[in-house]
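Structure record follows, encoded as structure tokens.
Chains as they are written, first to last, in my numbering: chain A, 360 to 635; chain B, 688 to 1104.
Have a look at this one:
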């Protein structure tokens, strides 16, 4: 695992809390504004930021992220811009940035160049929601050549055998999709999530992040009881879409990050993590 | 020119049609195909693959499907000699495989009946579908009505407007049509929306994908259910001409009607296979759907294939006068047939297609779908190239009732109100 990411999850574990993971699309609502907004997230207590690479066909995303991505693309955001945003954001020593991207833009950019450029920009890993380990041979080779972590996803529908395959292919944290569905804030996070995390936990010692649908500090606290990372995306995006201007958006993102950071630290009955 | 007179070996051919031409790995066609999907869908794709393989091996399923094809679809569809149209194709002997005469008016019903039966076999009671021209949506709504399934069809807003007649047909059949307002508001975005629905409702729902694109096993399943086109055509042309054709040709959007026809001749190296994609306003205009002429290998909608994309890998909007060919990707098996040279692919502009549309209407009394008109324009070009002794079969994949408004506008006719 990338040392920065490893340290971040180890610190959170030592503090008996979950890491807070926040997502925003690069270039939303503009390239400069996205740097400022990601910095607010980080200042508000996000430990690991997922910088989304905007893609024309985001078939795993719900309405909020679709809208944000469309704005980012109409701003002309390119893969080069995504890399420069990763370089420009202000990470402390205990924070990390990864890129979240659908597969085609990475393939088009060139796997090895992407990995090398991302490492040079200070990035720690890549999450690929539509790439499964079966199709990832060249990607595994490229990421192994560098300190760039690979994160694949598991879902409630994944068989135990598939969870094993996915967990073994991940070098960063494992992304557990809490629900069968697309991204988007939900009032309740599916009760499938704890079971899924338990099934993953039986097969790996890697940290497990839970995402899809998390929209409040209470939900974050609940998930922090059984997972190593709480992932929040659409709820941040929604706050920016609803804000009147950039100043309001920054304040709202900052306040929400602080709320969530409190949530992942709230004393909860943590299910003890048994490394096996 | 080929003069092969080989007997039809039905059993062998049927077996061959259900496996890929180049299964380097299961679900792949050379470097193309595969599964590039959210993990949440992997279990459903595995389930579908198992259900399909067991259905194909089950004689009762084959009988059930064959009965529906005969008694409901009206198969076999005729192979019609087009004498007067042939005179405009360099005098070549032109045959039309009349998929336009199928129930619902296009080839789409072949795949839909097969997959709808699979849906009930998997114990699911809801189907979702994407549609461009509306032909697949109408066929899906039809099969859903027949088998008592709930049906939701996703259709780009722009397509609901240019194919309003088909929207009404779907609604009359009891389906819910959901207009899609994201992205380019066409077929590509309808597929995104269908995928989002599927990942959310996968326990109860089968995604009845309408063409030979998408993640494995869809390209193989859809080809299998359409291979009846090629099988019948092969028998019919051997019966009529006493030999195989020189060329078998079809239009290619996603490529299901072409794959169905090609399946009958793919192992006959003497039969030239040609697919015609939409050249729109010209391949240099930037407004076209010419994936092979202007696209590059990439990943779209779950498979590696030829994709119209920019230098950053973003999908580029396609354009065609025909909604059914207006798609920036193409079936992965076509990508492989293209690279290996087994099939060739050419672009036909809107104007060439509309000329052929009018010509077939006036020489044969058959109004084709505008999608199909691209293959007819191809025949005019190919017939002149091969000469009057050539035998060419064209998949007449659909009828043009849905296109009369577009045609009236194009030709400036009175019907254009």
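Beta carbons: idealized from backbone N, C-alpha and C, even for Gly.
Model, not experiment: these values are computed from the prediction.
{"Asked": "Burial state of residue 737/B (16 or more Cβ within 10 Å)", "Found": "exposed"}
{"Asked": "Cross-strand partners of residue 1035/B (DSSP beta bridge)", "Found": "965/B"}
{"Asked": "The segment 496 to 511 of chain A in contact with the segment 840 to 849 of chain B per 3-pair CB rule at 8 Å", "Found": "no"}
{"Asked": "Cα-Cα separation between residue 1038/B and residue 1090/B, rounded to whole angstroms", "Found": "15 Å"}
{"Asked": "Exposure label - residue 863/B; buried when at least 16 CB within 10 Å", "Found": "exposed"}
{"Asked": "At least three beta-carbon pairs within less than 8 Å, the segment 478 to 498 of chain A to the segment 506 to 519 of chain A", "Found": "yes"}
{"Asked": "Sequence-distant residues of the same chain with beta carbon closer than 6 Å to residue 895/B, five excluded per side", "Found": "802, 814, 816, 827"}
{"Asked": "Residue 817/B - DSSP class collapsed to helix/strand/coil", "Found": "strand"}
{"Asked": "For residue 1028/B, the three-state DSSP class (helix, strand or coil)", "Found": "coil"}
{"Asked": "Cβ of residue 683/B within 7 Å of any chain A Cβ", "Found": "Limits of chain B in this structure are 688 at one end and 1104 at the other, which puts residue 683/B out of reach."}
{"Asked": "Beta-carbon proximity list for residue 634/A, same chain, < 7 Å, skipping 5 on both sides", "Found": "Residue confidence is low: residue 634/A scores 40 on pLDDT, short of 50, so the model does not pin down where it sits. Its coordinate-derived value is still stated next. Excluding residues within five positions, the ones whose Cβ falls inside 7 Å are 564."}
{"Asked": "Residue burial classification, residue 964/B (beta-carbon count within 10 angstroms, cutoff 16)", "Found": "buried"}
{"Asked": "Exposed unless 16 or more other CB atoms sit within 10 angstroms - verdict on residue 595/A", "Found": "buried"}
{"Asked": "Residue ranges of each alpha helix (DSSP H) within the segment 848 to 910 of chain B, 4 or longer", "Found": "851 to 859, 874 to 888"}
{"Asked": "Contact set for residue 748/B: own chain, Cβ-Cβ below 6 Å, skip 5 residues either direction", "Found": "742"}
{"Asked": "Per DSSP, cross-strand counterpart(s) of residue 837/B", "Found": "813/B"}
{"Asked": "Delimiting residues of the alpha helix (DSSP H) encompassing residue 948/B", "Found": "943 to 949"}
{"Asked": "Range covered by the beta strand (DSSP E) that runs through residue 1089/B", "Found": "Per DSSP, residue 1089/B belongs to no beta strand (DSSP E) and is neither H nor E."}
{"Asked": "3 or more residues per run - each beta strand (DSSP E) lying fully within the segment 762 to 817 of chain B", "Found": "766 to 768, 780 to 785"}
{"Asked": "Contact set between residue 722/B and chain A, taken where Cβ atoms lie within less than 8 Å", "Found": "491, 493, 494"}
{"Asked": "Neighbour list for residue 817/B in chain A, Cβ cutoff strictly below 7 Å", "Found": "In chain order: nothing, as chain A lies at least about 12 Å away."}
{"Asked": "Residue 899/B versus 840/B, 988/B, 984/B, 977/B, residue with shortest Cα-Cα distance", "Found": "988/B"}
{"Asked": "Sequence-distant residues of the same chain with beta carbon closer than 7 Å to residue 836/B, five excluded per side", "Found": "803, 806, 812, 813, 814"}
{"Asked": "Length of the line joining the Cα atoms of residue 709/B and residue 715/B", "Found": "Because the pLDDT of residue 709/B is 44, which lies under 50, any placement of that residue in the model is unreliable, and the question is left without a value."}
{"Asked": "Under 8 Å from the C-beta of residue 445/A: neighbouring residues of chain B", "Found": "Neighbours of residue 445/A on chain B: none; closest Cβ ~16 Å, over 8 Å."}
{"Asked": "Under the three-state DSSP convention, the category residue 616/A falls into", "Found": "helix"}
{"Asked": "Element boundaries [alpha helix (DSSP H), containing residue 1063/B]", "Found": "1057 to 1073"}
{"Asked": "Proximity test, Cβ basis, 7 Å: residue 389/A and chain B", "Found": "no"}
{"Asked": "Any chain A beta carbon closer than 7 Å to residue 707/B", "Found": "Low local confidence applies: a pLDDT of 39 at residue 707/B is under 50, so the model's placement there is unreliable, and no value is given."}
{"Asked": "Residues that DSSP places opposite residue 1082/B in a beta bridge", "Found": "784/B"}
{"Asked": "DSSP beta-bridge partners of residue 842/B", "Found": "818/B, 866/B"}
{"Asked": "Cα-Cα separation between residue 549/A and residue 621/A, rounded to whole angstroms", "Found": "22 Å"}
{"Asked": "Where residue 992/B falls: helix, strand or coil (DSSP)", "Found": "strand"}
{"Asked": "Cα-Cα separation between residue 914/B and residue 392/A, rounded to whole angstroms", "Found": "53 Å"}
{"Asked": "DSSP beta-bridge partners of residue 378/A", "Found": "588/A"}
{"Asked": "Residue 507/A, DSSP secondary structure in three states", "Found": "coil"}
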